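Residues 131 to 385 (the working numbering) are what the sequence shown spells out, left to right.
All residues carry an ideal CB built from backbone N, CA and C; glycine is no exception.
Since this is a predicted model, take the numbers as computed values, not measurements.
What follows is a short report on a single structure.
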Amino acid sequence: MDLTGSSALVTGGAGGFGEATVRRLVERGVKVVIADLADEKGQALAKALGDKVTYIKTDVCNEESVAAAIQAARELGPLRTTVIVHGGPAAGARIVNREGKTYSLDTFRRTVEIFLTGTFNVLSQAAAEMAKNDPLESNQRGVIISTASIAGYEGQVGQSDYSAAKGGVIGLNLTAARDLAPIGVRVMCIAPGTFFTPAYRMSEEDAHARFATGIPNPKRLGRADEYAQLALNIAENDYLNGEVIRIDAGLRFNI
């Protein structure tokens, strides 16, 4: 798909994957809305990248908030690319621990709300906006790229909420692609393995030493720009649709 003159929406655009994706899109000449709750980071990134970028404080679980972000993208140009890469609460407890205490149902609900329901909220509204676009070659009007995780396939101990939410994103992908095919909107999903992002709150060297030992090749954590490079390739390749792409260096989570 030709991205010339278009706009993009990146939820979680102030974070690791999101920032890298915003930068890749801007380099390609796309005008981008950074949709995030991290005001300081989002505003700083928008300022650094110039007038092609706008930051909009956005709660992906709120319909009006997402609608405002899409409106901001529309003002920059036809919305043809949406990348859903927002973060959320980290998993970290067994369903029942050794003391017999169950995992918090409220926490489980919140994780699913952010990662799965939030993804659907952005996807559905972005698709409705893309349906208004003039069609390009092969009747293409836009592409939506969601973000799952390899935990959606083989979650580790303590990841019940996160794995369930990301598994839901994976399950949503093909159905959404089929639903949106008549309006010329493609839907793809990226399932990252273990990547180094600011969420680790440690140096990259320490993160490599602690978390990269089980990664086959290359034997290191992924880099955010490698995610962003894939997202841009998906946006520009019209024949990628309805698929989940693992980007994990061959990693498979074990118990």
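By the Cβ neighbour-count rule, D291 is buried, with 16 or more other Cβ atoms within 10 Å of its own.
Taking C-alpha positions only, R308 is separated from A261 by approximately 14 angstroms. Distances from the alpha-carbon of V215 to those of K231, E194, N251 put N251 closest. Its Cα nearest to that of L360, the residue I320 stands out among P348, T324, D336, I320. Your pair L253 and A306 checks out as a contact, with CB atoms roughly 6 angstroms apart and the cut at 8 angstroms.
In the three-state DSSP reduction, P265 falls in the coil class, being neither helix nor strand. Ranked by Cα distance from N363, the first of E205, I186, V213, A176 is V213. Between L246 and K296, the CB-CB gap stays under 9 angstroms.
Counting every other CB atom within 10 Å of its CB across the protein chains shown gives L235 a total below 16, marking it as exposed. By the Cβ test, the region 373-384 is in contact with the region 280-294, since at least three Cβ pairs between them sit closer than 8 angstroms. Taking a C-beta distance under 9 angstroms as the contact criterion, A365 and T141 do not qualify as a contact pair. The region 259-316 is shown to contain whole alpha helix (DSSP H) runs of 4 or more residues at 290-310, in chain order. Across the set I275, A198, G323, the C-alpha of G323 shows the shortest separation from the C-alpha of S293. Distance check between Q255 and each of I275, R331, E193 places E193 closest, using alpha-carbon atoms only. Separation of G159 and L179 (C-alpha to C-alpha, rounded to the nearest whole angstrom) is 12 angstroms. Between L206 and K187, the beta carbon gap of about 17 angstroms keeps them out of contact (Cβ cut-off 8 angstroms). Per DSSP, R239 is one residue of the alpha helix (DSSP H) stretching across 235-242.
Listed in chain order, the non-local C-beta contacts of K171 below 6 angstroms within the same chain comprise A144, local neighbours out to five positions each way being set aside. When DSSP states are grouped into helix, strand and coil, T141 belongs to the strand group.
Excluding its 5 nearest sequence neighbours in each direction, A203 has C-beta neighbours in its own chain below 6 angstroms: S137, L139, V163, L209, listed in chain order. Looking at the backbone, the Cα of A150 and that of A358 are separated by about 6 angstroms.
For A197, the uninterrupted alpha helix (DSSP H) run begins and ends at 193-206, by DSSP.
Bridge partners of M318 according to DSSP: I275.
Around the CB of N269, fewer than 16 other CB atoms lie within 10 Å, so the residue is classed as exposed.
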